[in-house]
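Student: Per my numbering, the very first residue in the sequence shown carries number 495; after that it's consecutive. All C-beta atoms in this analysis are idealised placements derived from N, C-alpha and C, irrespective of residue type, glycine included. Quick caveat: nothing in here was measured; it's all calculated off a predicted structure. Below: one structure in structure tokens.
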Amino acid sequence: MQSVERVSVGRDKDGNPILTSESLEKFADDGFILIPHLLDPEELSILKTTVENNEVVKKHAYGRNDGQGRKAKVVLWNRPGTDITGIISRSEKVAGTMEKLLGGEVYHYHSKIIMKDAHTGGMHVWHQDYGYWYSNGCLFPDMGTVFIAIDRTHKDNGCLKVVKGSHKCGRIDHTRIGDQAGIEGERLDEILKRLTVLQAEMEPGDALFFHSNVMHRSEQNSSNDRRWAFLCAYNRADNNPVIEHHHARYFPLEKVPNSRISLCKPTDSMDGKDFFSLVDDVSMVALDPNFKEDMKK
Ligand SMILES: O=C(O)CCC(=O)C(=O)O
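Right under this line is the structure:
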């Protein structure tokens with residue numbers, strides 16, 4: 495299987511990727527763009543130290559059954575907060591780049607750490623993020639996620655796989671698979687016959703920006719290598735969800751200069767992040783009314 499191209503874009507004096515019309519066209523055509531080393535080694539090291547062995551992260555982490563006997567372990571929050579995870583999600587080079595790719599002001603929809611541990615990490619089934627965000631009252635797919643590799647990702651530790659150009663299929667119906675929202679059946683098979691699946695092999699600090707209708711998945715991690723990643727999801731400000739739900743409705747994103755990131759300390763407070771709990775997931779209840787009760791068991 496081929497890998498996603500790591501596009502060496504230039505940087506401006508503040509470290510923001512320079513998106514040429516060519517790279518914007520690439521995002522529009524493929525549905526994603528992989529920018530190498532968006533976080534530098536110092537920023538990455540603070541991020542890593544902050545989230546590893548963190549009692550708040552441990553307390554709010556949950557697992558989503560992958561339908562294949564393992565759980566995909568996640569911690570998710572709706573408000574950025576002021577620790578390094580919040581500062582990265584509010585930084586010019588992350589949020590500002592997403593604004594350029596989505597073509598307008600964005601706000602923070604939520605962020606999460608996906609903790610795919612060595613030997614035990616669960617899979618994520620084929621899905622589009624907008625496949626279930628749709629049920630959250632988001633009327634347009636003007637939404638996107640940036641996947642920032644904390645650890646190196648490769649085919650054996652369950653790197654992300656993306657289907658090039660699949661955002662052009664529009665939103666596809668999802669069903670409940672394990673405790674996840676996923677795509678299966680004939681439509682999936684036909685799309686996979688026609689479009690190319692690429693694996694996103696990433697170095698720590700690399701960032702993959704992708705559109706909310708890009709189909710993606712990742713395999714279980716049976717290797718010796720941990721695969722943790724930090725994902726920030728954004729919604730365009732003019733696409734404020736029409737219902738209250740378990741993720742954020744519009745609130746202005748207070749962007750910060752990139753230079754703020756390296757000023758963060760691993761001991762910074764994680765207060766005010768509005769951590770998510772699985773029982774609140776209305777997108778899954780839309781797919782299966784029993785979901786909430788199942789999560790309480
Ligand atoms: O981290 C992964 O492997 C997949 C994450 C993902 O697809 C998601 O959270 O929507």
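#1: Would you give the residue range spanned by the alpha helix (DSSP H) that T448 belongs to?
#2: May I have the straight-line CA-CA distance separating M789 from W571, to the nearest angstrom?
#3: Look at the Cβ atom of S660, then the Cβ atom of M709, and state whether they are nearer than 7 Å.
#4: Is S712 near ligand 1, going by C-beta to nearest heavy atom under 6 Å?
#5: Buried or exposed for G616, going by 16 or more other Cβ atoms inside 10 Å?
#6: Whose C-alpha, out of H668, R558, R681 and E536, is nearest the C-alpha of K786?
#7: At a threshold of 6 Å, does H618 count as lining ligand 1 (C-beta to nearest heavy atom)?
#8: Just list the residues that DSSP pairs C726 with in beta bridges.
#9: On the three-state DSSP scale, how would you describe A522?
#10: Looking at C-alpha atoms only, which residue of D774, D765 and V773 is the closest neighbour of P549?
#11: So K594 is in the alpha helix (DSSP H); what residue range does that whole segment cover?
#12: Work out the CA separation of D508 and E499 for me, nearest whole Å.
#13: Flag L821 as yes when its Cβ comes closer than 6 Å to any non-hydrogen atom of ligand 1, and as no otherwise.
#14: Going by beta carbon distance, what residues of the same chain come within less than 7 Å of R505, once the five residues before and after it are set aside?
#15: CB K749 to CB A589, shorter than 7 Å?
#16: Shorter than 6 Å, the distance from the beta carbon of A643 to the closest heavy atom of ligand 1, or not?
#17: So, using beta-carbon positions, are R721 and N729 closer together than 7 Å?
#18: Run the CB neighbour count on K759, radius 10 Å, all protein chains shown included, and call it buried at 16 or more, exposed below.
#19: Could you give the first and the last residue of the continuous alpha helix (DSSP H) run that contains G580?
#20: Assuming contact is defined by CB atoms lying nearer than 7 Å, are D774 and H741 in contact in what I supplied?
#21: Please determine, among E516, I608 and S515, the residue with the shortest C-alpha to C-alpha distance to Y542.
#22: According to DSSP, is M617 part of a helix, a strand, or is it coil?
#23: With a threshold of 16 other CB atoms inside 10 Å of the CB of Q562, please say whether the residue is buried or exposed.
#24: Let's see if you can read the secondary structure: which residues bound the beta strand (DSSP E) around G557?
#25: Taking a contact to mean a Cβ-Cβ separation below 7 Å, would you say Q792 touches C653 in this structure?
#26: When DSSP builds the beta bridges, which residues end up paired with K767?
#27: For the pair the segment 697–704 and the segment 532–547, tell me if three or more CB-CB distances fall below 8 Å.
#28: To test your reading of the DSSP string, which unbroken alpha helix (DSSP H) runs of 4 or more residues are found completely within the segment 643–701?
#29: For S629, which option in D683, V657, K610 and I737 has the closest C-alpha, if you only look at C-alpha atoms?
Tutor: Working from what's here:
#1: Residue coverage of the chain in this structure runs from 495 to 791, which leaves residue 448 outside it and unanswerable.
#2: So the two alpha carbons sit approximately 18 Å from each other.
#3: Yes. Within cutoff.
#4: Because some heavy atom of ligand 1 lies under 6 Å away, the Cβ of S712 counts as near it: yes.
#5: Buried, since its Cβ has 16 or more Cβ neighbours within 10 Å.
#6: Of the listed residues, the one whose Cα sits closest to K786 is R558.
#7: Yes, ligand 1 has a heavy atom inside 6 Å of this Cβ.
#8: C726 pairs with S605 and V640.
#9: A522: helix per DSSP, three-state reduction.
#10: For the record, residue 549 in the displayed sequence is Glu; it is not Pro. Taking only the C-alpha atoms, the option nearest E549 is D765.
#11: Its alpha helix (DSSP H) spans residues T591 to L596.
#12: Between E499 and D508, the C-alpha separation is close to 24 Å.
#13: In this structure the chain extends from 495 to 791, so residue 821 is not present and cannot be described.
#14: Excluding residues within five positions, the ones whose Cβ falls inside 7 Å are P511 and I512.
#15: Result yes, Cβ atoms of K749 and A589 sit closer than 7 Å.
#16: The answer is no for A643.
#17: Cβ distance not < 7 Å, so R721 and N729 don't count as in contact.
#18: Label assigned to K759: exposed.
#19: Counting along the chain, G580 sits inside the alpha helix (DSSP H) bounded by residues I578 to R584.
#20: A distance of 7 Å or more separates the beta carbons of D774 and H741.
#21: Before going further, note that residue 542 is Lys rather than Tyr in the sequence given. Distance check between K542 and each of E516, I608 and S515 places I608 closest, using alpha-carbon atoms only.
#22: When secondary structure is reduced to three states using DSSP, M617 falls in the coil class, being assigned neither helix nor strand.
#23: Q562 should be labelled exposed.
#24: Its beta strand (DSSP E) spans residues Y556 to N559.
#25: Only positions 495 to 791 of the chain appear in the structure, and residue 792 is not among them; the question remains open.
#26: Beta bridge pairing from DSSP links K767 with no other residue.
#27: They touch, by the three-pair rule.
#28: If we require 4 residues or more, the alpha helix (DSSP H) runs fully inside the segment 643–701 come out as 680–688.
#29: Ranking D683, V657, K610 and I737 by Cα distance to S629 puts I737 first.
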